[in-house]
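Number of protein chains: 2
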Amino acid sequence: MTFDYRARLDATRRLMETHGIGALLASVGADLPYLIGYEAMPLERLTMLVVTGNRVPVLLVPKLEAPRVVERPEVFEVRPWSETEDPIGIVSRLLEGVGSVVVGDQTWATFVLALEERLPATRFGVASPLTRALRMRKDPEELDALRRAGHATDRVAARLREMRFSGRTEAELSRLVADMIIEEGHQAATFSIVASGPNGASPHHEAGERIMQTGDAVVVDFGGKLDGYCSDTTRMFHVGEPTTEYREIFAVLEEAQAAAVDAVRPGVAAQDVDRTARAIIAAAGYGEYFIHRTGHGIGLDAHEHPYIVEGNDFELDAGMTFSIEPGIYLPGRFGMRIEDIVAVSDHGVERLNCSDRHLAVVG
Amino acid sequence: MTFDYRARLDATRRLMETHGIGALLASVGADLPYLIGYEAMPLERLTMLVVTGNRVPVLLVPKLEAPRVVERPEVFEVRPWSETEDPIGIVSRLLEGVGSVVVGDQTWATFVLALEERLPATRFGVASPLTRALRMRKDPEELDALRRAGHATDRVAARLREMRFSGRTEAELSRLVADMIIEEGHQAATFSIVASGPNGASPHHEAGERIMQTGDAVVVDFGGKLDGYCSDTTRMFHVGEPTTEYREIFAVLEEAQAAAVDAVRPGVAAQDVDRTARAIIAAAGYGEYFIHRTGHGIGLDAHEHPYIVEGNDFELDAGMTFSIEPGIYLPGRFGMRIEDIVAVSDHGVERLNCSDRHLAVVG
Numbered sequence: 000m001t002f003d004y005r006a007r008l009d010a011t012r013r014l015m016e017t018h019g020i021g022a023l024l025a026s027v028g029a030d031l032p033y034l035i036g037y038e039a040m041p042l043e044r045l046t047m048l049v050v051t052g053n054r055v056p057v058l059l060v061p062k063l064e065a066p067r068v069v070e071r072p073e074v075f076e077v078r079p080w081s082e083t084e085d086p087i088g089i090v091s092r093l094l095e096g097v098g099s100v101v102v103g104d105q106t107w108a109t110f111v112l113a114l115e116e117r118l119p120a121t122r123f124g125v126a127s128p129l130t131r132a133l134r135m136r137k138d139p140e141e142l143d144a145l146r147r148a149g150h151a152t153d154r155v156a157a158r159l160r161e162m163r164f165s166g167r168t169e170a171e172l173s174r175l176v177a178d179m180i181i182e183e184g185h186q187a188a189t190f191s192i193v194a195s196g197p198n199g200a201s202p203h204h205e206a207g208e209r210i211m212q213t214g215d216a217v218v219v220d221f222g223g224k225l226d227g228y229c230s231d232t233t234r235m236f237h238v239g240e241p242t243t244e245y246r247e248i249f250a251v252l253e254e255a256q257a258a259a260v261d262a263v264r265p266g267v268a269a270q271d272v273d274r275t276a277r278a279i280i281a282a283a284g285y286g287e288y289f290i291h292r293t294g295h296g297i298g299l300d301a302h303e304h305p306y307i308v309e310g311n312d313f314e315l316d317a318g319m320t321f322s323i324e325p326g327i328y329l330p331g332r333f334g335m336r337i338e339d340i341v342a343v344s345d346h347g348v349e350r351l352n353c354s355d356r357h358l359a360v361v362g
Numbered sequence: 000m001t002f003d004y005r006a007r008l009d010a011t012r013r014l015m016e017t018h019g020i021g022a023l024l025a026s027v028g029a030d031l032p033y034l035i036g037y038e039a040m041p042l043e044r045l046t047m048l049v050v051t052g053n054r055v056p057v058l059l060v061p062k063l064e065a066p067r068v069v070e071r072p073e074v075f076e077v078r079p080w081s082e083t084e085d086p087i088g089i090v091s092r093l094l095e096g097v098g099s100v101v102v103g104d105q106t107w108a109t110f111v112l113a114l115e116e117r118l119p120a121t122r123f124g125v126a127s128p129l130t131r132a133l134r135m136r137k138d139p140e141e142l143d144a145l146r147r148a149g150h151a152t153d154r155v156a157a158r159l160r161e162m163r164f165s166g167r168t169e170a171e172l173s174r175l176v177a178d179m180i181i182e183e184g185h186q187a188a189t190f191s192i193v194a195s196g197p198n199g200a201s202p203h204h205e206a207g208e209r210i211m212q213t214g215d216a217v218v219v220d221f222g223g224k225l226d227g228y229c230s231d232t233t234r235m236f237h238v239g240e241p242t243t244e245y246r247e248i249f250a251v252l253e254e255a256q257a258a259a260v261d262a263v264r265p266g267v268a269a270q271d272v273d274r275t276a277r278a279i280i281a282a283a284g285y286g287e288y289f290i291h292r293t294g295h296g297i298g299l300d301a302h303e304h305p306y307i308v309e310g311n312d313f314e315l316d317a318g319m320t321f322s323i324e325p326g327i328y329l330p331g332r333f334g335m336r337i338e339d340i341v342a343v344s345d346h347g348v349e350r351l352n353c354s355d356r357h358l359a360v361v362g
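If you're matching them up, the sequences are chains A and B in order.
Oh and the first sequence: position 324 is 323 in numbering that gives the first Met the number 0, straight run, nothing missing.
Oh and the second sequence: position 240 is 239 in numbering that gives the first Met the number 0, straight run, nothing missing.
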């Protein structure tokens, strides 16, 4: 896929000018691939794009990684630096005379602090208030990539319903999920949470050596990257028939998740989507067990703006994509979560995950 | 595995006192697992250990990730924060009255800049000058973990020599390597570079859709995590017989790599190990094609101190572990690299990778 990087850089510069920002520095994280189609390796050698108002943007890249860069001379200039050069010095010189700089949110502290020391008169801030204004609204090509990534995970979810869970460890099933993520068309499997029985009450549980057995509820939450864009979905499985209690709580969760999705449309505040899910779960008496926000934006980053959380009164708009993933977690007993990625459309919502959301009873 | 975290924290505090540092903040990166055995998720919700001189260290962790934390009340206190709390505010209050703070090198810019804004009178620096003094010298348990990780990759390297390369894509072989990394005992496969033919001239090439064929030299550079510790080794393969030219250049590389390993012992400067490898490659006329340093430290982080690079006159000492990985890269034609992890012993060096280093001719 290729995007109009020139247009993105132009839009970024217009925002910089509006906000009185003299330079934007993009390193690890998704601002860099958004702006020029190149992703920095998360290592101790600095990769950094320097965007200023008055010259072609410069990509500093370690010399040994320069062959990885797809050059786009009409968009940016490549400046490889060798092992005995000082990349912070090079960036500092490019920033001479610039009063206000913003840096990508995930840039390493070591680089930010070194730049601040070198440029004591310069003001540093984070780039996301600028870049999110652009990155939040996906264009048709981005939506297409997110749709394809979502549908690829849907196929994994469908295959999971037919699989045997009992007797396998969480780690083993997690590996199988990662393999299926690739088989169904992703270039990378980013994560595959398998949280069984009481482990399900830990939303970010790491799949471990617990052997799954009859009576376990199992949270499977997984995603990957397809053409640079992320997928992320959660489905619930139960080894053997669940108890009536589990079914009843699950019905509450299904209702909350569906209602939150239905609440999505242009003009609605992000926090109102969270409130919709939370009100239903609270009314059923499980409010204190829904211990996280309802969702997060998704795109080039697995988590990005907008966040669907109380306190965020930002108004949703067409082209925004995010997860809707309420959960209920009873410590020491079990957990449950249902997660879909959705896109705000012109008048409502499109689900990018369409696989069966019902509790799957597995062997 | 469990380590004496209390002793590590005590040693850290003594260093803080010596250097006049009032607080250390550990977030993403390896300082945190080194100090308390917990690894932060690299996400937008803040995880941060606050170590000050006068109280039990506090681990701030997102509420939904609190169940992941193995609690060690004698070592640190857990402070889960919920979605509507302000974690930067909590850290700022813990830092009241502290004049000088160091933060882990990989901490996200967004957190560092927010803390600086909240605490304008506080001086911020990076933690590695402090923590590397401890983390560089591995204790016997750490060496054991690194040895087991090294030997696990050796078994993968041995299996690779028997495999068919021809007709497979780089990406396909890369997936097989990742699977073998797990099969041989790692908990995670971190990376598996497969760079064939001209792609071999790009040291950090990402395995792609190129189909390997007779006549290709193939760089395979891979590693994972075993009990928290990293492995990293590179071996060279050739599909069918190589040319005389390739054999001759490879002999130079073998000599350079072996000489650099032999140069390692306590008291030698890191840069002298680099110079040993570089002199041999330069004498053969390939100096300009050895475009990176000779090695990097390894431990909880895949890349850490000490770096084996010109300009680093730091003296090696027993217990330090790092890679020795010279390479020669002819743009547009081919590349080659041989990489072993070594440990400085009391009087010399121990190789943690012992698999066959000779060029493997494969089908």
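Glycine included, each C-beta is placed from N, C-alpha and C at the ideal position.
- If you ignore the 5 residues before and after A188/B, its C-beta comes within less than 7 Å of the C-beta of A177, I180, I181, G223, all in its own chain and listed in chain order.
- Secondary-structure assignment with DSSP links V49/A through a beta bridge to L24/A, V57/A.
- N53/B sits exposed, since fewer than 16 C-beta atoms from the chains shown fall within 10 Å of its C-beta.
- In the DSSP assignment, the residues bridged to Y228/A are L225/A.
- The beta carbon of G331/A is closer than 8 Å to those of P197, A200 in its chain, skipping five residues each way along the sequence.
- According to the DSSP assignment, P79/A belongs to the beta strand (DSSP E) that extends over 76-80.
- One alpha carbon belongs to G19/A, the other to G96/A, and they sit about 13 Å apart.
- Sixteen is the threshold: since fewer than 16 other Cβ atoms of the shown chains lie within 10 Å of the Cβ of A282/A, the residue is exposed.
- Among the CB atoms of chain A, one or more fall inside 8 Å of the CB of L42/B.
- Take the alpha-carbon of P56/B and the one of L129/B: they are about 17 Å apart.
- With respect to the 8 Å criterion, F221/A and A359/A are not classified as neighbours on the basis of their beta carbons.
- Taking a cut-off of 8 Å for Cβ pairs, the segment 168-175 of chain B and the segment 206-222 of chain B touch, as three or more such pairs fall below it.
- In this structure, DSSP gives I337/B a state outside helix and strand, which the three-state scheme calls coil.
- A residue is called buried once 16 or more other Cβ atoms fall within 10 Å of its Cβ, and H185/B is buried on that count.
- Inter-segment contact for the segment 31-51 of chain B and the segment 61-76 of chain B is present: three or more beta-carbon pairs are separated by less than 8 Å.
- For H295/A, the enclosing beta strand (DSSP E) stretches over residues 294-296.
- If the five residues before and after A126/A are omitted, its C-beta is found closer than 8 Å to the C-beta atoms of L23, L24, A25, D30, V101, V102, G103, D104, all from its own chain and listed in chain order.
- Burial state of T17/A is exposed, judged by a 10 Å Cβ sphere holding fewer than 16 other Cβ atoms.
- In the structure shown, H304/A adopts extended strand secondary structure according to DSSP, grouped into three states.
- Put simply, the backbone Cα of R277/A is about 21 Å away from that of I297/A.
- A Cβ-Cβ separation of about 6 Å places R292/B in contact with I307/B under the 8 Å criterion.
- Secondary structure of S165/A (DSSP, three-state): coil.
- The DSSP assignment places complete alpha helix (DSSP H) segments of no fewer than 4 residues inside the segment 198-268 of chain A at 243-261, in order along the chain.
- Classified as exposed, A120/A has fewer than 16 neighbouring CB atoms from the shown chains inside 10 Å of its CB.
- Below the 8 Å Cβ cutoff, chain A contributes S201, H203, H204, E205 as neighbours of R67/B, in chain order.
- In the three-state scheme derived from DSSP, where H, G and I count as helix and E and B as strand, E16/A is classed as helix.
- Unbroken alpha helix (DSSP H) stretches of 4 residues or longer found wholly inside the segment 111-193 of chain A: 127-134, 139-159, 169-182, given in chain order.
- The alpha-carbon of R7/A is positioned some 10 Å away from that of V74/A.
- L42/A carries a coil assignment under DSSP once its states are collapsed to helix, strand and coil.
- In terms of beta-carbon proximity, H302/A lines the interface with chain B, with at least one pair separated by less than 8 Å.
- Per DSSP, reduced to three states, the secondary structure at S91/B is helical.
- For K224/A, no Cβ of chain B is located within less than 8 Å of the residue's own Cβ.
- Distance from L59/A to M47/A at the Cβ level is roughly 5 Å; contact confirmed, criterion being Cβ atoms closer than 8 Å.
- Here V111/B has V102, F123 as same chain residues with Cβ atoms under 7 Å from its own Cβ, once five neighbours each way along the sequence are excluded.
- Residues of the segment 79-108 of chain A with a Cβ closer than 8 Å to any Cβ of chain B, in chain order: S81, E82, T83, V102, G103, D104, Q105, T106, W107, A108.
- The beta carbons of T320/B and L133/B sit no closer together than 8 Å.
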